[in-house]
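First comes the structure, then the notes that go with it.
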Amino acid sequence: MPPSLNYLRTSEIGNHQPLHTPFSSLPLPTTYADHTASGRSLSFLERYVATSILPSYGNTHTTTSQTGRQTDNFVSEARQLVKNALNCSKHDRLLFTGHGATAGCLQLVSLLGLTKPDPSAPPLPAASCPIVFVGPYEHHTNLLPWRESIAEVVTIREGLSGPDLDELKQKLSHYTTADPRPLLIGAFSAASNVTGVTSDTSALCVLLHSFGALAVFDYAACHHHEMCMNPPHGDPADHEYVHDDEHREQGGTPAIVGAIRAGLVVQLQQELGSLIQEGDAAIAGRLWSEFGSNVNIVVLGPGPSRHRLPVFSFMIRAPRSSLFLHHEFVVALLNDLFGIQARGGCMCAGPYSQALMGISEELVGRYHDELRKRDENEVLRPGFVRVSLPFYASPATIDFVAKAVGFVATHGFKLLPLYTTDAASGEYRHVNARTPKRSWLGGISYESGEMAYDRVPNPPSSGEPDYEAILKTAEAHVRVAEGEFRRNGAASGDPVPPDAASLRWFLLPPSISLSPAVDSLGWVQPPKRLVNKALRAVLQHGMLKPGDRILLGLSGGKDSLALLHILKALQKRTPFKWEFGACTVDPQADGFDPSPLKAYLKGLGCPYHYETAGIMDMAQESMEKKGNRVSICSFCSRMKRIVLYWAARREGYGAIAMAQHLDDCAESFVMSVFHNGALRSMKAHYTVDEGDLRVVRPLVYAREKEIENFSESAGLPIVSETCPACFEAPKERFRIKSLLASQEALFPDLYGTLLKTLAPLMEPQVEDFLRLRREAYGRVGGGQTLIPPPLPPQAVAELSSNSNSKDVWAASLALNAQRLGAAGGGRGCSLAPAAASPDWNSPDWSGKEEKREDAAGILHMGSMEELLGNVGGARLCAVWFTATWCAPCKESEPEMAKVAEEGSGGRWLVVKVDVEELEDVADRFKITSVPCVWIMLDGKRVGVVLGGGEGAAGEVRRELEERA
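Written as structure tokens, this is what we have:
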């Protein structure tokens, strides 16, 4: 009784192995559908090899030892099993060549004496060249060895049952009589590895032998079908055999275990008998039924009336298009959605594949020229998809594969926006795909004295997966992607260079997506995914409330223009009314002209404010100051924000919308960590310290590339940035951007991880708390050691008897609350002047340096030079960093006045530093928040007091009294 097909299915090693894909949180069961390329191991055969063959394994060169004799017996028996299955006679020789059909063909060329002695040698005279006839669908293994020999290769066209017998007969007659050659050989594939179409090997053999030609057949694509060296109608006496001894031709140490495995496999094949053909017929019929009924599936090769193996190669035509889906994209979808392992390419059958795809010789030449021109053109190489199942596949598995391919043919194009293309390899990758965990030989360890490694868990060997659930999940993913398909903003650019665009045969997302919807005024509908990310940020950070008036900082770049349209889309999705306008600050920089935005915003009907400020002139003056360490870009950004804040106050807006995205936040975070020793990034939503304006960043969850794709695909009027300062040597932000890009190539989910890291840092309260701790302990390894911040008296008393860490955190949080003050706005650092309108173009706008005595003897400093001079001249000094717009600073005024009055008479000096010098102070002394008081003794810093109010002033007084 032959083994059951279910026994084979459950014995396939790796069947239904768990596979993690970007579409599924749970692993999918693997379905291997590339059996034509490589079969799968069966556990019962491998178990027999491990337990019965290998224990007595030895070299077959000696039969004197027990192991050598037993192994030689195994090899001899395997050889006899194969010979019996092939119907070999006593004249036939069987050689185990090892490395597949390629090795067999190469050895045959050598045995026939056809190897070219010198590859550069000129060809032999025609009369001395043997002729090798090959079929129309030869694999490279049965083509290249003959082409590289001294023989002349002649291709026979395809007929009704493989190579055309009439043409072959005509060619045989020609090279026998009209142009006689010393040797004629017919080397044909028994079946095509592309279409599964079989050849009539018996008829070919009879015809070849009738002209004295050798018959060679490549059974690599149908190795599990019947093979016969001596068909009944043939006369063995008419055959010409190679009489070299088998052992002599297999000199050296052959693939002994491989030869034994071959014998075991042939033995199993003989036991299965007709089950193989019956299984193949069932698979071919079911797949033809599905593929033939789908107008988008183009099956290569002849129709179902022709006998064929269950090997199907096909291309998928995109609906409403003359182009196809790239074969690598289809393979990726089958893997990611269904766990099906298919094959994409041309299957190493170049000439036959080109003919099947209708590619002319002229077009082949153009493709070859383009592929040789640059490595990045690999994506341009034409190809198709192939699926092939084993004869023992279950009906459920066959039906699942058929439905999965049909699903991709119908809906696959809708998922194109979710994939990126690597032009150099031609591979398609889901935007959220993670690099699969790789098994490494280097992961093996012998540290414990034994081999140790991570074992791959095997799934249960019985039972079918829930294929229907997998198909329904795929339908759900497509429904989600349909909206993305309509308003595609995730599509990358064409990977094919412009000069080769005419050769592109496959679709890109822009080729299939509808143009972004545009209303009568010109408002563009952004991609739904991009709007959803902005909405998520708005909801999570409370950026909008009823009656809000938002002013967008519109620079004219891709980000701010995208946010303009996203805000419009958000208006339609909020359950309350709010309004927004836009403001552009023209810094009067040479080559930068945002004025075309005036007409664009007018056409949209959007409230628009265009502010002109001579920022570049002021920047130049600031850059020339002695000791300046602020970059021109930083200065310009600060000044533009000042103008923007003033415009918002003047026009009655309550919030400023900025267009920084996730990439900006990540770059700022890395720069802060690298250069400032601080966990800090841009805030998603905060209130400036005056308490009258909020700043919101709706794009903090969006990637720069998806914003850029939307801006470009929508044709937004992006203003070119040609400021000379921005195009000098690459700035630090550019270097960090490049660094992150290189890391993202290695870790595709890098920005997803960074977003999780940055999420708490986007909250202003977290920023304030971290700044308190940072300023308390100073910079690691640099400057003088700072004293930790003072704790409230009750906390000090409590900590003296209790070391509970919760109390330390409670005390620190109390300081944080004191820092925030009544405004509760968190980090603001607004440098905007009062609402009164200044003259933006005045070179004296930033104010004159001044020195005056405030009430209670506080010395007010307007310049850093004066500050350093006074500090150096006083033995004991309190340097008070404050700001007129900061609520905690205002609360400290009366108490600090008392401290200054108590020091009159020379006990100590109180120096007040205004916030307008914050950047300079931060650069020189690493101070990043106010209020803050330094205690200076003999020109050296000996203490720090953070926070404001009565408690902080009291701590300053105690510090000064102790030092005095």
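In this text, residue positions in the sequence shown follow the UniProt record's numbering: the first is 1, and each later residue adds one. Quick reminder that beta carbons are idealized off the backbone N, C-alpha and C, glycines included.
**Prompt:** By DSSP, does residue 517 sit in helix, in strand, or in coil?
**Reply:** coil
**Request:** Could you tell me how far apart the beta carbons of residue 647 and residue 551 are, in whole angstroms, since I believe they sit closer than 8 Å?
**Result:** 7 Å
**Item:** Presumed contact (8 Å Cβ cut-off) between residue 992 and residue 385, rounded CB distance
**Value:** Outside the shown range of the chain, which is 1 to 964, sits residue 992, and nothing can be said about it.
**Request:** Assign residue 6 to one of three DSSP states: helix, strand, or coil.
**Result:** helix
**Request:** Report the rounded CA-to-CA distance for residue 191 versus residue 199, giving the unit in angstroms.
**Result:** 6 Å
**Request:** Give me the Cα-Cα distance between residue 609 and residue 681, rounded to the nearest whole angstrom.
**Result:** Roughly 29 Å between the two C-alpha positions.
**Message:** Measuring straight from C-alpha to C-alpha, what distance separates residue 758 and residue 382?
**Reply:** 43 Å
**Asked** Where does residue 13 land, buried or exposed, given buried means 16+ other C-beta within 10 angstroms?
**Response** exposed
**Asked** Could you give the residue range of the beta strand (DSSP E) that holds residue 934?
**Response** 932 to 937
**Message:** Just to confirm, is the Cβ distance from residue 102 to residue 311 under 8 Å?
**Reply:** no
**Message:** Tell me which residues share the same chain as residue 809 and place their Cβ nearer than 7 Å to its Cβ, disregarding the 5 neighbours each side in the sequence.
**Reply:** Here residue 809 scores only 37 on pLDDT, less than 50, and its place in the model is too uncertain to base an answer on.
**Message:** Using the Cβ count rule (16 or more neighbours within 10 Å means buried), how would you classify residue 834?
**Reply:** Confidence is the limiting factor: at residue 834 the pLDDT is only 31, short of 50, which leaves the residue's position unreliable, though a coordinate-based value still follows. Note on residue 834: under 16 other CB atoms within 10 angstroms of its CB, so exposed under the neighbour-count rule.
**Simplified DSSP state of residue 288, which is helix, strand or coil** = helix
**Request:** Name the residue from 964, 953, 87 whose alpha carbon lies nearest to the alpha carbon of residue 936.
**Result:** 964
**Item:** Same chain, Cβ closer than 7 Å to residue 1010, five either side skipped, listed in chain order
**Value:** In the structure as shown, the chain starts at 1 and stops at 964, and residue 1010 therefore has no counterpart that could be examined.
**Message:** Could you check whether residue 78 and residue 987 sit closer than 8 Å to each other, using their CB atoms as the reference points?
**Reply:** Since the displayed the chain opens at 1 and closes at 964, residue 987 lies outside it and no answer follows.
**Item:** Given residue 60 as reference, the closest of 479, 257, 30, 31 once Cα atoms are compared
**Value:** Residue nearest to residue 60 within the set 479, 257, 30, 31 is 257 (criterion: CA-CA distance).
**Prompt:** residue 706 to residue 565, Cα distance in whole Å?
**Reply:** Cα to Cα, the separation comes out at about 14 Å.
**Prompt:** Are the stretch 160 to 173 and the stretch 106 to 125 in contact at 8 Å, needing three or more beta carbon pairs?
**Reply:** no
**Prompt:** What residue does the alpha helix (DSSP H) around residue 147 start on, and which one ends it?
**Reply:** 144 to 147
**Request:** Go ahead and pull the three-state DSSP assignment for residue 166.
**Result:** helix
**Prompt:** Can you tell me whether DSSP reads residue 160 as helix, strand or coil?
**Reply:** coil
**Asked** Residues in its own chain within less than 6 Å of residue 70 by CB, not counting five upstream and five downstream?
**Response** 56
**Request:** Indicate the three-state DSSP secondary structure (helix, strand or coil) for residue 388 in the structure shown.
**Result:** strand
**Host alpha helix (DSSP H) of residue 1022 (start-end)** = Any answer about residue 1022 is impossible in this case: the structure gives the chain only from 1 up to 964.
**Asked** Considering only C-alpha positions, which residue in the set 951, 541, 547 is nearest to residue 760?
**Response** Taking only the C-alpha atoms, the option nearest residue 760 is 541.
**Message:** Between which two residues does the alpha helix (DSSP H) holding residue 665 run?
**Reply:** 662 to 671
**Request:** Give the range of the alpha helix (DSSP H) segment to which residue 978 is assigned.
**Result:** The requested residue 978 is not part of the displayed model; the chain covers only 1 to 964.
**Request:** Would you tell me roughly how many angstroms separate the C-alpha atoms of residue 901 and residue 949, rounded to the nearest one?
**Result:** 17 Å
**Message:** Assuming residue 410 is part of the alpha helix (DSSP H), what are its boundary residues?
**Reply:** 395 to 411
**Asked** How about residue 1029 and residue 33: are their beta carbons less than 8 Å apart?
**Response** The question about residue 1029 has no answer here: the residues shown for the chain are numbered 1 through 964.
**Message:** If I measure Cβ to Cβ from residue 558 and keep anything under 8 Å in the same chain, skipping five residues before and after, which residues do I get?
**Reply:** 707, 708, 711, 712, 716, 718
**Request:** Would you mind reading off the limits of the beta strand (DSSP E) that contains residue 946?
**Result:** It spans 940 to 946 - the beta strand (DSSP E) in which residue 946 sits, taken as one unbroken run.
**Request:** Look at the alpha carbon of residue 228 and the alpha carbon of residue 207, and state the distance between them as a whole number of angstroms.
**Result:** 16 Å
**Request:** Pick helix, strand or coil for residue 880, following the three-state DSSP scheme.
**Result:** Note: residue 880 maps to strand in three-state DSSP.
**Prompt:** What whole-angstrom Cβ distance do residue 428 and residue 326 have, given they're in contact under 8 Å?
**Reply:** 7 Å
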